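Taking it in order: structure first as C-alpha cells, then the write-up.
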Amino acid sequence: MSSLHIKDVNKHYGDYHALKEIDIKIDSGEFLVLVGPSGCGKSTLMNTIAGLDSISDGAILLGDKDVTHLSPKDRDIAMVFQSYALYPSMTVRRNIAFGLEMRKVPQAQIALEVDRVATMLQIDHLLDRKPAELSGGQRQRVAMGRALAREPKIYLFDEPLSNLDAKLRVEMRTEIKKLHQRLKTTIVYVTHDQIEAMTLADRIAVMKDGVLLQLASPEQIYNNPVNMFVAGFMGSPSMNFIRSYLRALNDGLAIELHNRDGERVSIPLPERGKDLSAWVNREVILGLRPEQIRQATVNSPAVFERHINNQLDVVEPTGADTLVVTQFNDQDVTARLDPESHPVSGRDFLFAVDVSKAVLFDPDNEDRIY
Ligand SMILES: Nc1ncnc2c1ncn2[C@@H]1O[C@H](COP(=O)(O)OP(=O)(O)O)[C@@H](O)[C@H]1O
Ligand SMILES: [Mg+2]
185 MSSLHIKDVN
195 KHYGDYHALK
205 EIDIKIDSGE
215 FLVLVGPSGC
225 GKSTLMNTIA
235 GLDSISDGAI
245 LLGDKDVTHL
255 SPKDRDIAMV
265 FQSYALYPSM
275 TVRRNIAFGL
285 EMRKVPQAQI
295 ALEVDRVATM
305 LQIDHLLDRK
315 PAELSGGQRQ
325 RVAMGRALAR
335 EPKIYLFDEP
345 LSNLDAKLRV
355 EMRTEIKKLH
365 QRLKTTIVYV
375 THDQIEAMTL
385 ADRIAVMKDG
395 VLLQLASPEQ
405 IYNNPVNMFV
415 AGFMGSPSMN
425 FIRSYLRALN
435 DGLAIELHNR
445 DGERVSIPLP
455 ERGKDLSAWV
465 NREVILGLRP
475 EQIRQATVNS
485 PAVFERHINN
495 QLDVVEPTGA
505 DTLVVTQFND
515 QDVTARLDPE
525 SHPVSGRDFL
535 FAVDVSKAVL
545 FDPDNEDRIY
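In our numbering, the protein residues as written are 185 to 554.
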C-alpha cells in the first residue's frame with residue numbers, strides 16, 4: 185500500500201494542453217474517484233500515473249519514491265482500463281495467474297488466489313475458457329480478476345464496470361467497496377457514473393478540460409460545489425438552476441420566486457457569514473436540488489421554507505420517488521416527491537421550497553457566491 189502524489193502535472197499532446205497543473209495527494213488506503221465529462225483528461229491522467237504516457241512537467245510520487253521516469257512494470261501498479269488486453273491464447277485461469285507466475289509465487293498459492301478472485305467476480309465457471317469465448321462483460325471481469333490477484337502499491341481502475349449490465353454493475357460496485365474495506369488498498373477509480381462516484385469514494389476529484397475543479401468528500405461535492413459545473417455534474421436529476429432576484433429582508437436576505445400565475449414568495453436565506461450586500465436586488469442563480477422542493481404539509485412552513493402553489497407539467501414515477509416538472513420564475517424546475525403525494529400532471533400542487541441548503545451562483549462566471 186502506498187500514498188500517491190500527482191505533483192503539478194502538465195501534459196501536452198502537441199499544441200493541446202490535456203492536463204493543466206494537476207496536483208492531487210492521495211493518502212495510503214484512500215479511495216479516490218475521478219469524474220468529469222468525456223475528453224476532460226481522466227484516462228490521460230491514469231495513463232501518466234501508470235507510466236503508459238509521459239508527462240510534460242511535474243512528477244508522480246508513489247510513497248516517497250519519484251517514479252516519473254520509471255517504466256510501467258517498475259511502478260508496482262495494478263490497473264484495469266477501458267481497453268484491457270487479455271492474452272488470447274491463454275485460458276482465463278492463466279490470464280489471472282500470469283502476473284503471479286511472473287513473480288514466482290508458489291503454485292499452490294496461485295491456485296488459491298485464482299479461486300478467490302474468480303469466486304468474487306463470478307467467473308469461476310469460465311476458468312478453462314479462452315477470451316474469445318467470453319462476452320464483453322465477462323472479459324472485463326477477467327481483466328479485473330487479473331488486477332485483483334496481486335497486491336500492488338496502488339490500483340488504477342478506468343471505468344472498469346462500463347461494459348457490464350446494470351444488475352452486475354451494482355453487484356460489482358458493492359464487491360469493489362467490500363474489497364477496499366477489507367484490504368484498505370489505495371485506489372484511483374475513473375467513472376462517469378455518479379452513483380458509483382458517490383458510493384465508492386473517500387474523496388471525489390471533478391475534472392473539466394484538463395483542470396481539477398474540486399477535490400473533496402462526496403458529501404462536500406454534493407452540498408458545497410465550487411461552481412455550477414460541479415453542482416450540475418453530481419446528482420440525478422441535476423440540481424435546478426433558477427434565475428432569481430436576491431432581496432434584503434428584515435436583517436437578512438431572501439430569494440424571490442414566483443409561480444406561473446405571477447404569485448410571489450420571498451424565502452429567507454440562512455445567514456452563512458458571507459457578505460452578499462453587493463448582490464441585493466441583482467439577479468443570481470439559485471441552486472436547489474430536486475429533494476429541496478417537496479410537498480407542503482398542513483403545518484406552517486419551517487424558517488427557511490415557503491409554500492407556493494404551482495401547476496404540474498410532467499409527472500414521472502420512478503418507483504421510490506416521483507419526479508415532477510413545474511415552473512418557477514418561468515424556468516423548468518424538477519422536484520422529487522414521495523409517490524404517496526399522488527401528483528397529477530395539469531393539476532395544481534402545493535410545494536414547500538426549502539432553501540436551508542440552497543446555494544447561489546454568479547450568473548456571469550458561474551462561481552458559487554453563497
Ligand atoms: N495520444 C493522444 N494524442 C493526442 N490527443 C490525445 C491523445 N490521447 C488523448 N488525447 C486528447 O486528450 C483529451 C483527453 O482525453 P482522455 O484523457 O482520453 O479523456 P477522458 O478519459 O476524460 O474521456 C481528449 O481531447 C483527447 O482527444
Ligand atoms: Mg477515458
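C-beta atoms are modelled at their ideal positions from N, C-alpha and C, and glycine is treated no differently. Since the model is a prediction, treat every value here as computed from it, not as a measurement.
The C-beta separation of VAL326 from VAL276 comes to about 5 Å, placing the pair in contact by the 8 Å criterion. For LYS195, the shortest separation between its Cβ and any heavy atom of ligand 2 does not lie below 6 Å. At least one heavy atom of ligand 1 falls within 6 Å of the beta-carbon of GLY223. Look at SER422: its beta carbon is at least 6 Å from all of the heavy atoms in ligand 2. With a cutoff of 7 Å on beta-carbon distance, PHE535 and PRO527 are scored as not near each other. Beta bridge pairing from DSSP links SER428 with VAL468. Separation of ILE210 and ALA262 (C-alpha to C-alpha, rounded to the nearest whole angstrom) is 16 Å. With respect to the 7 Å criterion, ASN347 and GLY321 are classified as neighbours on the basis of their beta carbons. Excluding its 5 nearest sequence neighbours in each direction, TYR268 has C-beta neighbours in its own chain below 6 Å: ALA327, listed in chain order. Residue state for GLN322 is assigned as helix, using DSSP reduced to three classes. Residue pairing from DSSP leaves VAL276 without any beta-bridge partner. The three-state reading of DSSP puts ARG448 in strand, counting E and B together.
In the DSSP assignment, HIS196 forms a beta bridge with HIS201. In the structure shown, THR358 falls within a helical segment according to DSSP collapsed to helix, strand and coil. Residue pairing from DSSP places ALA519 in a beta bridge opposite VAL508.
Taking the Cα positions, ILE439 is about 9 Å away from VAL468. In this structure, the CA atom of ASN549 is about 21 Å from the CA atom of GLY419. Comparing alpha carbon positions, the residue from GLU500, ASP237 and ASN513 closest to ASN494 is ASN513. A residue is called buried once 16 or more other Cβ atoms fall within 10 Å of its Cβ, and ARG323 is buried on that count.
The three-state secondary structure of ASP377, taken from DSSP, is coil. Between the region 232–247 and the region 374–392, the count of C-beta pairs closer than 8 Å stays below three; the two stretches do not touch. In the DSSP annotation of this structure, GLU500 is not part of any alpha helix (DSSP H); the continuous beta strand (DSSP E) holding it starts and ends at 498–501.
Sixteen is the threshold: since fewer than 16 other Cβ atoms of the shown chains lie within 10 Å of the Cβ of ARG531, the residue is exposed. When the five nearest sequence neighbours on each side are left out, the beta carbons in the same chain lying within less than 7 Å of the beta carbon of LEU340 are those of MET230, ILE233, ALA234, ILE261, MET263 and VAL372, in order along the chain. Of the candidates ALA519, VAL487 and VAL374, ALA519 places its Cα closest to the Cα of THR502.
By the neighbour-count definition (other C-beta atoms within 10 Å, threshold 16), SER428 is a buried residue. Between VAL374 and ALA333, the gap from beta carbon to beta carbon reaches 7 Å or more. Looking at GLY225, LEU236, ILE190 and SER240, the one whose alpha-carbon comes closest to that of GLY198 is SER240. In this structure, PRO409 is the residue among GLY213, PRO409 and GLU355 with its C-alpha nearest to the C-alpha of ARG473. With 16 or more other Cβ atoms from the protein chains shown falling within 10 Å of its own Cβ, GLY471 counts as buried. For LYS368, the number of other beta carbons within 10 angstroms of its own is below 16, and it is reported as exposed.
SER212 and GLU447 have their alpha carbons spaced roughly 55 Å apart.
Its Cα nearest to that of LYS314, the residue ASN279 stands out among GLU285, ARG287, THR383 and ASN279.
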